[in-house]
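Data block below; observations after.
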Amino acid sequence: MKLWSILGNSQQLDGGAMFGNAPRAMWAKWMAPDDANRIPLACRALLASPLAGKTVLFETGIGAFFEPKLRERYGVVEDRHVLLESLRAAGFEHGDIDVVVLSHLHFDHAGGLLAAWSEGRAPELLFPNATFLVGAEQWQRARHPHPRDRASYIPELPQLLEDSGRLEIVEGDRSRTLGDAVRFHYSDGHTPGLMLAEIIGPERVDGQAHGGVVFCADLVPGKPWVHVPITMGYDRNPELLIDEKRAFLEDKFARNVHLFFTHDPAVALAQLVRDDKGRFGTTHETAELQARVLG
68 MKLWSILGNS QQLDGGAMFG NAPRAMWAKW MAPDDANRIP LACRALLASP LAGKTVLFET
128 GIGAFFEPKL RERYGVVEDR HVLLESLRAA GFEHGDIDVV VLSHLHFDHA GGLLAAWSEG
188 RAPELLFPNA TFLVGAEQWQ RARHPHPRDR ASYIPELPQL LEDSGRLEIV EGDRSRTLGD
248 AVRFHYSDGH TPGLMLAEII GPERVDGQAH GGVVFCADLV PGKPWVHVPI TMGYDRNPEL
308 LIDEKRAFLE DKFARNVHLF FTHDPAVALA QLVRDDKGRF GTTHETAELQ ARVLG
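If you read the sequence shown in the numbering used here, its first letter stands for residue 68, the second for the next number, and so on.
Next up, the structure:
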């Protein structure tokens, strides 16, 4: 099995929103803001093939489905569908994808499922041959969003996924489609039922899998958020998220599971380290993956 980091459309969002209650004097050292206080963010997907005998894409980024006014409001930089270009550069078309795994259905993680915006055209679902995996709790949230996060969802997307006939609602730590090749972890601090997919590593130690890769989604959006107290203003329950993140990182550190970041503009993959005070950090940071063999 080989891994590719697949860049989608990039964003520029308010740094204060992305770093929650951390002061600007701190977070500006991690990601320098522009004159409008915005920081650059990637919307990066992970491609694995063959995984359980399939070509699997973890998330699709924000895509290019927004009309121009909303594209500007949400800081989407490019007006074309960058994810499709990146897939093509890796040797794949969207029709080659067998499975799309969605950590959650916020537009910056699932918008790439849709074709690029065109005047007068209704939203159109891409990936015609893919099975779409969504966690059960997040599926319910997307269908019945809370007023606090309603704007984070694409109203038409749940029906399009359902109408495709290729939607699998995942309950528990395994899916029918991917079996034992991928283990799912869950977090509720950012959004209910955030589904974190771990590609199971090649080693077994005391009966546990070691050496895999986990798609961190919005639990740990990038390298700075590895620091346990750092959360986002977008998180529904920051205190819960901190507790979930600590347990998540302790488990991945113990099993040498590498972290894949979706929003970090400079780092796609990193290994966890821990100092003598118990604080987590990263090492062996990799900017991009190009047909990298797992392990």
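Using N, Cα and C, we set each Cβ at its ideal position, and we do this for glycine too.
Because the structure is a prediction, the values reported are computed rather than measured.
Where residue i sits in the DSSP three-state scheme
i: S170; result: coil
i: L181; result: strand
i: P117; result: strand
i: D77; result: The identity of residue 77 in the sequence shown is Ser, whereas the question assumes Asp. DSSP places S77 in coil when its eight states are reduced to three.
i: I309; result: helix
i: V272; result: strand
i: A210; result: Inspection of the sequence shows that residue 210 is occupied by Arg rather than by Ala. Looking at R210 - three-state DSSP - the assignment turns out to be helix.
i: L361; result: coil
i: E235; result: strand
i: E160; result: coil
i: M68; result: coil
i: G246; result: strand
i: H47; result: One cannot answer for residue 47 here, as it falls past the ends of the chain, which runs 68 to 362.
i: L193; result: coil
i: R241; result: coil
i: L286; result: coil
i: R215; result: coil
i: V295; result: coil
i: V149; result: helix
Residues of its chain near residue i, where Cβ-Cβ distance is below 8 Å and the 5 sequence neighbours each way are ignored
i: E311; result: S254, D255, G256, L286
i: G239; result: F251
Closer than 8 Å to chain B by CB, residue i
i: T244; result: You won't find chain B in this structure, because it holds only one protein chain.
Residue i - containing beta strand (DSSP E), residue span
i: G202; result: 198-202
i: R105; result: 105-108
i: E134; result: Looking at the DSSP string, E134 is not in any beta strand (DSSP E), and its letter there is neither H nor E.
i: A189; result: Unbroken run through A189: none, as it is neither H nor E.
i: A264; result: 261-266
i: F282; result: 280-282
For residue j and residue i, believed in contact at Cβ under 8 Å, the rounded distance
i: F132; j: P190; result: 6 Å
i: D331; j: P288; result: 7 Å
i: G82; j: M98; result: 7 Å
i: L113; j: L80; result: With 8 Å as the limit, L113 and L80 do not qualify as a contact, their Cβ atoms being about 21 Å apart.
i: G178; j: G128; result: 7 Å
i: L193; j: A182; result: 6 Å
Spatial neighbours of residue i in its chain, beta-carbon cut-off 7 Å, leaving aside the 5 residues before and after
i: K69; result: S116, A358, R359, V360
i: I236; result: V201, A203, W206
i: R341; result: F320, F347
i: A333; result: A354
i: A335; result: S72, R111, F327, F328, T353, A354, E355, L356
i: V149; result: L74, G75, N76
Extent of the continuous alpha helix (DSSP H) run through residue i
i: R91; result: 91-97
i: A84; result: 82-85
Contact set for residue i: own chain, Cβ-Cβ below 6 Å, skip 5 residues either direction
i: V123; result: A115, V166
i: L245; result: A119
Which runs of the beta strand (DSSP E) fall wholly inside the stretch 299-359 and span at least 3 residues, in chain order? As for any beta strand (DSSP E) of minimum length 3 sitting wholly inside the stretch 299-359, the runs are 325-327, 336-341, 347-353, ordered along the chain.
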